[in-house]
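Note sheet for the following structure.
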Amino acid sequence: MFIADYSAKNIYDEMFSSEGFPRKSYDFVKTKMESLGGIELVKRSSSAERALMSLGITFTLYGDGGEQERIMPFDVIPRIVPSEEWINMEKGLKQRIQALNLFLTDIYGEGKILKDKIIPRELIESSSGYLKQCIGIKPPKDIWIHITGTDLVRDGAGAFHVLEDNLRCPSGVSYVLENREVMKRTFPELFEKLNIRQVYDYPYHLRSMLENLTDVVDPVIAVWTPGVFNSAYYEHSFLAQKMGVYLVEGSDLIVENHKVYMKTTKGLRKVDVIYRRIDDTFMDQSTFRPDSLLGVKGIFEAFKRGNVALANAPGTGVADDKVIYSYVPKIIKYYLGEEPIIPNVPTYLCSETADLKFVLDNIHNLVVKAANGAGGYGMIIGPKASKQEQEDFKELIKADPRNYIAQPVLNLSTVPTLIADKIESRHVDLRPFILYGKDIYVMPGGLTRVALRKGSLVVNSSQGGGSKDTWVLG
Amino acid sequence: MLSRVAESVFWMNRYIERAENYSRFIDVNHQLSLDLHEEVPNQWLPLVHTTGDIELFEKRYSSPSPVNIIRFMTFDEENPNSIFQCLSRARENARTIRENISTSMWEVLNEFYLFVKDYRKVYMESSEIHGDTLSMGLSDFLSTVRKSCQSFYGCSDATISHDEVWNFSLLGRFLERADKTTRILDMKYFILLPSVHDVGSTLDLLQWLSLLKSASAHEMYNQKYKRVDPTDIAEFLILNETFPRSIFFCIQEMQEALDKISGIKEGLPRNLAQDATTVYLNRLRSENIKSIFDKGLHEYLDDIQIELNHIGSKIVERFFTN
């Protein structure tokens with residue numbers, strides 16, 4: 001049988017134990033996949049891809065062959081998270097978001113954590129996500145981070161770690177929802193048999209979370225997109241559509257008397273809540289970057305005066321700075337008096353002398369990342385880099401130690417993945433989505449990203465990664 | 001609704017309507033050419049005249065051969081009005097207003113676009129090889145284009161609320177349709193008969209008949225009139241109150257859509273777009289086919305196009321710019 005050659009040695013595989021037995025949660029799926037066989041699986045996989053194509057869930061690649069429209073690669077073998085693991089993860093994520101929110105309230109307010117010297121003040125003030133314009137601001141209901149996408153990975157022993165928090169405009173949730181729809185069409189028999197926790201109500205949770213940000217009855221809500229050329233535009237319009245709210249661009253909005261209005265066929269209409277998918281500093285030319293072509297003049301002042309709610313609030317970026325990330329366990333302890341439920345990946349700070357020396361001496365064994373890098377850019381994976389690349393990167397680090405952190409190379413867990421007509425093992429991570437409204441909602445599952453190149457650890461879609469449906473069994 | 005969205009909805013529908021009309025133009029002409037063979041060697045060029053793209057065509061192609069004209073009107077990337085370009089732009093517009101339309105509308109349009117794109121690729125590659133022969137399967141292709149446009153309309157009719165988005169759709173659709181009907185009628189002006197003796201000949205009638213077919217009006221016309229007659233045809237396509245492609249019908253639909261968008265209340269000032277439409281509709285009501293022919297059909301059709309442009313610019317001013 002085609003799945004029999006699969007090897008999961010020296011690694012944590014989601015489907016198979018190191019002895020080669022399927023894990024309990026995968027029992028049924030594995031049997032089913034085997035009985036379907038390679039040909040049927042390939043057939044279903046291509047019809048799933050066709051469905052994604054006609055739904056138009058595509059992005060455009062520009063290359064020598066001209067423009068090419070592609071779907072985000074999608075693998076039909078699901079990633080399963082057993083419910084007992086999920087319960088713990090859910091708790092851990094809620095704990096983390098709560099602590100990070102208290103942290104933001106504090107550093108833009110009293111600054112107790114700085115006075116108590118838990119985190120050096122200069123680290124905060126030198127973070128590019130820290131906006132001094134936000135000092136003294138009280139966002140509605142004291143919530144700063146409304147939507148979070150936290151990246152989780154397993155280590156070699158199978159324990160989950162937080163790799164990073166995405167607190168600004170985390171994307172990918174539309175893939176979770178669309179992948180699920182396609183999977184239901186592709187393997188209805190699996191859905192009939194297994195109790196897979198549903199995700200389709202995410203847009204309703206999102207909407208009620210946004211409604212919670214204002215006292216206006218029947219508020220006008222909008223998703224703010226940079227526009228149709230943004231790579232996540234599909235997601236922006238998808239969420240607006242599923243929530244039944246407006247999708248606006250900067251040019252659709254105008255601020256008058258410190259209130260935000262949108263330009264409609266019936267004149268100006270006040271906007272109460274904005275889910276913005278545009279970076280902090282591009283939001284308002286009069287407060288931040290004057291060269292922004294996407295922003296709306298005066299919107300920050302309107303927000304400051306409480307005339308419009310913004311989700312996520314401006315200024316949250318300081319809490320997902322990769323240097324601040326290394327302090328999150330301390331942050332949790334400081335504000336909640338609890339031990340972190342999900343540990344961080346061990347992290348070296350190049351701003352610390354001892355750590356810096358260690359990183360420079362051991363770069364061949366480490367992953368080094370820029371504090372504000374994203375999408376797989378501004379990083380080096382030591383063991384995969386040439387001697388020259390390592391030396392070049394060392395110079396970058398020495399020039400700006402504050403901007404770099406290093407972590408051991410994690411042996412990310414793997415999931416069997418259909419490559420051409422064979423099953424091979426590929427590394428994955430997991431991005432669950434968390435909403436902070438009246439209470440905290442964690443979507444059961446999340447986006448599993450797959451590194452499609454053999455042996456690769458880079459899962460970002462901008463670097464050729466794909467995705468899988470994630471099943472939490474109820 | 002957002003002004004930007006209203007404008008995109010409007011244009012999305014114009015492009016779809018245009019693609020549908022082009023596919024019928026080309027198909028009818030193709031069928032006619034199969035009947036006529038060499039009798040009328042230059043019968044393809046009037047098509048390009050009618051659509052107003054003659055300058056661009058002459059810039060891009062050295063001869064008005066059938067294959068060049070078909071390629072220009074169907075697949076040419078540089079012709080903003082080719083079926084392929086209309087579809088690309090309609091889809092691009094749909095993408096920017098995705099949250100305002102239903103998933104099934106989007107799917108119909110997206111699959112439609114992918115179909116045209118794939119077909120175009122095959123056509124462009126094979127027409128390189130086969131020189132100036134007409135591509136096999138052209139009729140099937142054009143018929144799929146028409147059906148897809150109609151399923152798009154059907155789908156939007158049945159799956160979105162008949163509120164503002166819908167009414168701006170109708171505005172775009174009927175403005176475009178009225179424009180194309182004038183152009184279809186005007187086609188006869190550009191088709192020269194071999195000699196004046198041929199007026200009223202079989203060839204002449206065949207041409208009038210194909211013109212009716214280009215407007216999808218052949219059958220409905222036959223139900224109302226007993227013979228193929230230029231005056232009757234013009235009357236049907238300009239003044240008929242119930243045929244959905246007549247100028248009168250289109251303007252009437254636009255008036256209704258505009259009233260619904262703007263809201264009509266006693267004492268409420270009407271906007272300029274409403275005014276322009278109503279004034280023109282009343283003028284049409286007072287006209288008859290004899291006075292139209294007295295003025296000269298070609299000149300009269302020019303006049304309609306000017307009126308349509310006027311209404312169009314009032315819509316833009318009132319709703320899309322602020």
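The listed protein sequences correspond, in order, to chains A and B.
The first sequence maps to residues 1 to 474 in UniProt numbering.
The second sequence maps to residues 1 to 322 in UniProt numbering.
Glycine is no exception: its CB is placed at the ideal position from the N, C-alpha and C atoms.
Please read all numbers here as calculations on a predicted model, not as lab measurements.
Report all residues from its chain with a CB closer than 8 Å to the CB of residue i; omit the five preceding and five following residues, and keep chain order.
i, result
"A:I332", "Q95, R96, A99, E338, E339, P340"
Leaving aside the five residues before and after residue i along the sequence, list all residues of the same chain whose C-beta is less than 7 Å from its C-beta, in chain order.
i, result
"B:E253", "L170, F174"
"A:Y234", "I57, S174"
"A:Y334", "I113, I118"
"A:V442", "E90, L93, K94, P432, I434"
"A:L310", "I274, R276, F303"
"A:K263", "D252, I254"
"A:L210", "I221, V273, Y275, A311"
Tell me the residue span of the beta strand (DSSP E) that contains residue i.
i, result
"A:H161", "160–166"
"A:Q285", "Taken as a continuous stretch (DSSP letters only), A:Q285 belongs to no beta strand (DSSP E), as it is neither H nor E."
"A:Y377", "No beta strand (DSSP E) contains A:Y377, which DSSP labels as neither H nor E."
"A:W86", "Taken as a continuous stretch (DSSP letters only), A:W86 belongs to no beta strand (DSSP E), being part of the alpha helix (DSSP H) at 83–107."
"A:M262", "259–264"
"A:V442", "440–442"
"A:G20", "It is not in any beta strand (DSSP E) - A:G20 carries neither H nor E in the DSSP assignment."
"A:A313", "Looking at the DSSP string, A:A313 is not in any beta strand (DSSP E), and its letter there is neither H nor E."
"A:S467", "465–472"
"B:P244", "Looking at the DSSP string, B:P244 is not in any beta strand (DSSP E), and its letter there is neither H nor E."
"A:I423", "422–431"
"A:R154", "147–154"
Considering only residues of the same chain and omitting the five flanking positions on each side of residue i, which have a CB-CB separation below 6 Å?
i, result
"B:S246", "L237, N240"
"A:Q285", "S292, G295, K297"
"A:A8", "F16"
"B:T182", "L301, I304, Q305"
Is it true that the CB of residue j sits closer than 8 Å to the CB of residue i?
i, j, result
"residue 478 of chain A", "A:N365", "As displayed, chain A neither begins before 1 nor continues past 474, which places residue 478 of chain A out of reach and without an answer."
"A:R453", "A:D429", "no"
"A:T470", "A:R79", "yes"
"B:I101", "B:N167", "no"
"A:V216", "A:V271", "no"
"B:R146", "B:C250", "no"
"A:G317", "A:G38", "no"
"A:Y6", "A:I274", "no"
"A:D155", "A:N411", "yes"
"A:A222", "A:L247", "yes"
"A:I278", "A:L349", "no"
"B:A273", "B:L284", "no"
"A:I299", "A:V260", "yes"
"A:E166", "A:T186", "Here the sequence assigns Asn to residue 166 of chain A, which means Glu is not the residue at that position. The answer is no: Cβ separation not under 8 Å."
"A:G466", "A:F74", "yes"
Between residue i and residue j, how many whole angstroms is the CB-CB distance? I'm expecting something under 8 Å.
i, j, result
"A:S45", "A:L418", "6 Å"
"B:K47", "B:D186", "The displayed chain sequence assigns Leu, not Lys, to residue 47 of chain B. At roughly 11 Å, the Cβ-Cβ gap does not stay under 8 Å, so B:L47 and B:D186 are not in contact."
"residue 542 of chain A", "A:R168", "The question about residue 542 of chain A has no answer, for chain A in this structure spans 1 to 474."
"A:P203", "A:K242", "4 Å"
At what residues does the alpha helix (DSSP H) containing residue i begin and finish?
i, result
"A:R449", "Note, A:R449: premise wrong, no alpha helix (DSSP H); beta strand (DSSP E) at 447–451."
"B:T231", "230–239"
"A:T31", "27–54"
"A:E14", "Premise fails: A:E14 is in no alpha helix (DSSP H) and is neither H nor E."
"B:W44", "Neither: B:W44 is in no alpha helix (DSSP H) and is coded neither H nor E."
"B:V5", "3–36"
"A:D355", "353–362"
"A:L210", "202–211"
"B:R71", "66–74"
"B:R89", "83–96"
With a 10 Å radius around its C-beta and 16 neighbouring C-beta atoms as the bar for buried, classify residue i as buried or exposed.
i, result
"B:S161", "exposed"
"A:M1", "Here A:M1 scores only 47 on pLDDT, less than 50, and its place in the model should not be relied on; the value that follows carries that caveat. Label assigned to A:M1: exposed."
"B:L297", "buried"
"A:I354", "At residue 354 of chain A the sequence reads Ala, which differs from the Ile that was named. Classification of A:A354: exposed, given that the 10 Å Cβ count is below 16."
"A:E122", "exposed"
"B:G263", "exposed"
"A:Y377", "exposed"
"A:Y436", "buried"
"A:A157", "exposed"
"A:S386", "exposed"
"A:S127", "buried"
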